[in-house]
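Number of protein chains: 2
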Amino acid sequence: MGDRQAKDALFDAFGEVAKALGNGRRAELVDVLAQGERHVDELAAEIGQSVANTSFHLRVLANAGLVTTRRDGTRIYYRLASTRVGDLWSALRDVAAAHHEQLDDLAAAYLGDRGRLEQIDRCELMERLAAGDVVVVDVRPAPEFAAGHISGAHSIPIDQLAARIKDLPAGIETVAYCRGPYCAFADEAVLVLRRRGRSARRLVDGFPEWAQANLPVDTAIAS
Amino acid sequence: MGDRQAKDALFDAFGEVAKALGNGRRAELVDVLAQGERHVDELAAEIGQSVANTSFHLRVLANAGLVTTRRDGTRIYYRLASTRVGDLWSALRDVAAAHHEQLDDLAAAYLGDRGRLEQIDRCELMERLAAGDVVVVDVRPAPEFAAGHISGAHSIPIDQLAARIKDLPAGIETVAYCRGPYCAFADEAVLVLRRRGRSARRLVDGFPEWAQANLPVDTAIAS
DNA sequence: ACGCTCCTCAAGTAATGTCTTGAATATAAT
DNA sequence: ATTATATTCAAGACATTACTTGAGGAGCGT
Chain D
52 MGDRQAKDAL
62 FDAFGEVAKA
72 LGNGRRAELV
82 DVLAQGERHV
92 DELAAEIGQS
102 VANTSFHLRV
112 LANAGLVTTR
122 RDGTRIYYRL
132 ASTRVGDLWS
142 ALRDVAAAHH
152 EQLDDLAAAY
162 LGDRGRLEQI
172 DRCELMERLA
182 AGDVVVVDVR
192 PAPEFAAGHI
202 SGAHSIPIDQ
212 LAARIKDLPA
222 GIETVAYCRG
232 PYCAFADEAV
242 LVLRRRGRSA
252 RRLVDGFPEW
262 AQANLPVDTA
272 IAS
Chain R
52 MGDRQAKDAL
62 FDAFGEVAKA
72 LGNGRRAELV
82 DVLAQGERHV
92 DELAAEIGQS
102 VANTSFHLRV
112 LANAGLVTTR
122 RDGTRIYYRL
132 ASTRVGDLWS
142 ALRDVAAAHH
152 EQLDDLAAAY
162 LGDRGRLEQI
172 DRCELMERLA
182 AGDVVVVDVR
192 PAPEFAAGHI
202 SGAHSIPIDQ
212 LAARIKDLPA
222 GIETVAYCRG
232 PYCAFADEAV
242 LVLRRRGRSA
252 RRLVDGFPEW
262 AQANLPVDTA
272 IAS
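The listed protein sequences correspond, in order, to chains D and R.
When the letters of the first sequence are read in order and numbered with our numbering, they come out as residues 52 to 274.
When the letters of the second sequence are read in order and numbered with our numbering, they come out as residues 52 to 274.
Written out as structure tokens, the structure is:
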């Protein structure tokens, strides 16, 4: 009990879990999987990598215990091993946002200047939803909406928003949401909506945070 | 906004923070620093590495924003950048414990079989402390006690416990605590105390968790 | 100014990680 | 059975990481 070698081995094991998150592509995978399960093909497209490389990264995550798999026919679906993994991912983002010097610049380079972006927090959205004076749009890809979404939200993936904007009722404020605070989909949705003269804001974070707060969620397929 | 290259760079930055934790020696450093600030010499001894290598690892942690420094004369003290870093470390341990297949074996190899080890949780310890029918012993190294400890605890570093056991009042239960759930000091303390015929248990986790729960803490030097 | 202590930096080596390409496997559909 | 689709595996090029040794810099006390 208490010898150096065993202690090093134990902490190496903790390190292995962190190492699994220690790659940008794997971090992207975890961010996508926090929305719900996906199969390899889709994941490869999401992170812009080859299927072989994506498969390799998924195996690294699986070996670290961060994700598990389910087979359905020829497809293999990956998902986070538990909500704790999502918590770990949130904690990592928090620390990076608080202490990583260049993170603000990198976020601004990806998301653009959010100075004028109108946001709404979970509490207010919940109130407005109850009052019925708001329309909520889920602008994530369809499979993520199918895997789970804010109760009452409409699914319009961001790349279809311009074409389907007429499906949304006018004269009522629209709230767009996506994967989380570092996802650009909702930002872009707000831009598109405002350009068309709609009143629009984005939810400050995304679906995982909403679900984590135990707010109402649906998994059935809605409009 | 939203282009691949910028997104990859952003998630690479998240990955860098995780990568900083993705090494057993750096994980040990974070675990020690969660107890309070220490200087390089001590840290090198704690993780069983050369001073040069320890300095290197500390710089990696500093570059990732996980630790900061303070100079005092010839010494440079390192500390966690904020309590969020401690939260991240806790989340990492939780995930590893829940999902890493070999972690239980590695923990058992380092800590020994805890099957018969009597433990006490924070709530019960708090009650017993208020009732005054328990003696609390901090068995961490002296600098960690000085940096912060459970209010009313006595400091007897584990390597002095056998010699100083007579300083502890007999006929009253003793509770030992240390750095956390994966620290062997308190386990060993319980063994030593029981061998001497004392009634003893260990706190399930350690000082960082106690402090995080906003329970009473002292930093002054006590007995 | 000098030596002392504490810490960081640089160079070098062995090991490991990332991504590509092309082949191999497993299940489903024909 | 055979073919098609989805995923994994293997090999190789290239970059990065971990640790050692020895030199260099910063502050303190004499």
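Even for Gly, the Cβ is constructed at its ideal location relative to N, Cα and C.
| query | result |
| --- | --- |
| Beta-carbon proximity of C229(D) to R179(D), cut-off 7 angstroms | no |
| C-beta neighbour in chain R for E178(D), strict 7 angstroms | no |
| Cross-chain neighbours of N74(R) in chain D, by beta carbon under 7 angstroms | G66 |
| Cβ pair count under 8 angstroms reaching 3, the stretch 114–131 of chain R against the stretch 98–111 of chain D | no |
| Min CB distance A273(R) to chain D below 7 angstroms | Because the pLDDT of A273(R) is 44, which lies under 50, any placement of that residue in the model is unreliable, and the number read from its coordinates should be weighed accordingly. No, its Cβ sits nowhere closer than 7 angstroms to a Cβ of chain D. |
| Option nearest A240(R) by Cα separation, candidates V188(R), G199(R), P267(R) and K217(R) | V188(R) |
| According to DSSP, residues forming a beta bridge with V136(R) | Answer by DSSP bridge pairing: none, since V136(R) is not bridged. |
| Residue-level contact to chain D via CB, F107(R), 7 angstroms cutoff | no |
| For G257(R), three-class secondary structure by DSSP | strand |
| Neighbour list for S101(R) in chain D, Cβ cutoff strictly below 9 angstroms | Per Cβ cutoff of 9 angstroms: no residues; S101(R) is ~14 angstroms from chain D at best. |
| Residues of its chain near S106(D), where Cβ-Cβ distance is below 7 angstroms and the 5 sequence neighbours each way are ignored | V91 |
| Straight-line Cα distance separating L157(R) from A60(D) | 7 angstroms |
| Buried/exposed call for Q56(R), threshold 16 Cβ in 10 Å | exposed |
| Extent of the continuous beta strand (DSSP E) to which V118(D) belongs | V118 to D123 |
| Own chain partners of A273(R) with C-beta closer than 6 angstroms, once the 5 adjacent residues on each side are dropped | Residue confidence is low: A273(R) scores 44 on pLDDT, short of 50, so the model does not pin down where it sits. No coordinate-derived value is stated. |
| Members of the stretch 120–135 of chain R near chain D, C-beta cut-off 7 angstroms | A132, S133 and R135 |
| Contact residues within the stretch 141–153 of chain R, judged by C-beta distance below 7 angstroms to chain D | A142, L143, R144, D145, V146, A147, A149, H150, H151, E152 and Q153 |
| At least 3 beta-carbon pairs within less than 8 angstroms: the stretch 158–168 of chain R vs the stretch 65–78 of chain D | no |
| C-beta contact flag for T225(D) and L244(D) at 7 angstroms | yes |
| For A78(D), the first and last residue of its enclosing alpha helix (DSSP H) | G75 to L84 |
| Contact set for E88(D): own chain, Cβ-Cβ below 8 angstroms, skip 5 residues either direction | R121, Y128, Y129, R130 and A198 |
| Neighbour flag for D138(R) against chain D, beta carbons, 7 angstroms | yes |
| Secondary structure of Q263(R), DSSP reduced to three states | helix |
| A227(R) - DSSP class collapsed to helix/strand/coil | strand |
| C-alpha distance - D184(D) paired with A95(D), whole-angstrom precision | 38 angstroms |
| First and last residue of the uninterrupted beta strand (DSSP E) at Y129(R) | R126 to L131 |
| Distance between A264(D) and R135(D) (C-alpha atoms, nearest Å) | 14 angstroms |
| Cβ-Cβ separation, A113(R) to A147(D) (assumed contact under 8 angstroms), whole Å | About 14 angstroms; that fails the 8 angstroms criterion. |
| Whether F62(D) touches A78(R) by CB criterion (7 angstroms) | yes |
| Reference H108(R), options V81(R), D123(R), M52(R) and A132(R), closest by Cα | V81(R) |
| Own chain residues within Cβ distance below 7 angstroms of D256(R), not counting five before or after | G231 and P232 |
| Chain R contact residues for E239(D), given Cβ-Cβ distances below 9 angstroms | M52 and G53 |
| Short Cβ contact (7 angstroms threshold) for I201(D) with W261(D) | yes |
| Length of the line joining the Cα atoms of R249(R) and G222(R) | 8 angstroms |
| Where D59(R) meets chain D, residues with beta-carbon distance less than 7 angstroms | G75 |
| N- and C-terminal bounds of the alpha helix (DSSP H) containing D156(D) | L154 to L162 |
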